[in-house]
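Throughout the sequence shown, residue numbering follows the UniProt record's numbering, covering 1 to 336 in sequence. Backbone N, C-alpha and C fix where the C-beta goes; we use that ideal spot for every residue, glycine too.
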Amino acid sequence: MAKVYYDKDVNWDVLKDKKVAVIGYGSQGHAHALNLKESGVSVVVGLYEGSKSAAKAEADGLPVASVAQAVAAADVTMVLIPDEKQAAVYQTEIAPHLKPNSALAFAHGFNVHFKQIVPPENVDVFMVAPKGPGHLVRRTFVEGGGVPDVFAVEQDASGQCFDLALAYTRGIGGTRAGVLQTTFREETETDLFGEQAVLCGGICQLITNGFETLCEAGYQPEIAYFETFHEMKLIVDLMYEGGMAKMRHSISDTAEYGDYTAGKKVVTEDTKKAMKKVLADIQDGTFAKEWLLENNAGGRAHFLAMRRQHAEHPVEVVGAELRKMMPWLHNNDQKD
Ligand code: NDP
Ligand code: MG
Ligand code: MG
């Protein structure tokens, strides 16, 4: 079992008198900024001119400055804007104002690992990535707990970067739950693999194939939706709470027997080979190159077309209708 660090392992002195610039006030940004502030750390939020988030941060009692001003004043700059915007903002507004011997921090390794951001040698570079969305990072902290984090040291200019990264995890509540050390490479590659092969790509395609199989066999799409999509949440909630064993304990013996016998026929050794290819494309930079080109040269044309095509699939159209029968879901189909 990997070493787990808790509050008692933290050298808080390395962070407590420092000023942290939190760049961005979105999902992660608001949680980091507020949790750090309530842990006694001096925080400034860095945003662009005209940012919608500025009023929110100010209403939450935080000082807001331009990105350049926030970085210039900071001992630690935590970059919490969308990954695909980070390289441009780094070049124009962060790098020119980074104090020598300060620290630059991230919540995901993509830009540093794939060299879209190359920090100068005279700063510490670390990562603190909560294993949960920002609202959970904030809510658990307010309740007196925390969300587990992973942290990593990429560049140790001060000789204290490990202590600083670990102290930062305490500042946002992570060491209340326990935190694990990783590397930028491991975090980036496993994060991309997980979302592509299993959590997003894998599960959405599995559901779609199941839905299409039932519809093509003549069953009603509404029934197909309930059986292959709607019940997914119940199953995943049980696995999340108590592993696959708890889920299998809750379902019928018939379902459990079918689980053991059909699973490997559907998700086969060929699927695993395909997963290894997805991983290899992540490791050798093929995926990163493709996604960066899509954003920079392609104007996101292919990405936006795929988004539209997937939204028009019958499983989505039927699902939107059926969810109207479920008032407890409120307006979850509306985008904010
Ligand atoms: P969000 O999309 O929620 O962040 C948006 C914030 O960035 C908004 O406050 C936005 O302002 C601001 N912003 C956008 N452009 C700029 C700019 N040019 N200059 C300054 N501020 C800007 O991001 P997330 O919190 O989802 O992600 C942040 C980082 O955390 C990423 O690296 C991500 O990989 C990582 N991460 C995210 C997790 C999550 O649960 N979301 C989990 C773990 C890691 P406005 O709204 O006014 O435009
Ligand atoms: Mg990810
Ligand atoms: Mg059933």
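Between M78 and V153, the C-beta gap is not smaller than 7 angstroms, which leaves the two residues out of contact. The Cβ-Cβ distance between M127 and F114 does not fall below 7 angstroms.
By the CB criterion at 7 angstroms, V118 and S102 fall outside the cutoff.
Set against 6 angstroms, the gap from the CB of D191 to the closest heavy atom of ligand 2 is smaller.
Pairing Q86 with N111 gives a Cβ-Cβ distance under 7 angstroms. For a cut-off of 8 angstroms, the C-beta gap from Y5 to V267 is around 35 angstroms, too long to register as a contact.
The three-state reading of DSSP puts T271 in helix, counting H, G and I together.
The continuous alpha helix (DSSP H) containing F110 extends over residues F110 to H113. The three-state secondary structure of E189, taken from DSSP, is helix.
A contact is defined here as three or more CB-CB pairs under 8 angstroms, and the stretch 184-198 meets this definition with respect to the stretch 269-278. Take the alpha-carbon of S39 and the one of K18: they are about 12 angstroms apart. A Cβ-Cβ separation of about 6 angstroms places I172 in contact with L36 under the 8 angstroms criterion.
By the CB criterion at 7 angstroms, L47 and V71 fall outside the cutoff. For Q155, the enclosing beta strand (DSSP E) covers residues D149 to Q155. G299 sits in coil when the DSSP states are folded into three classes, being neither helix nor strand.
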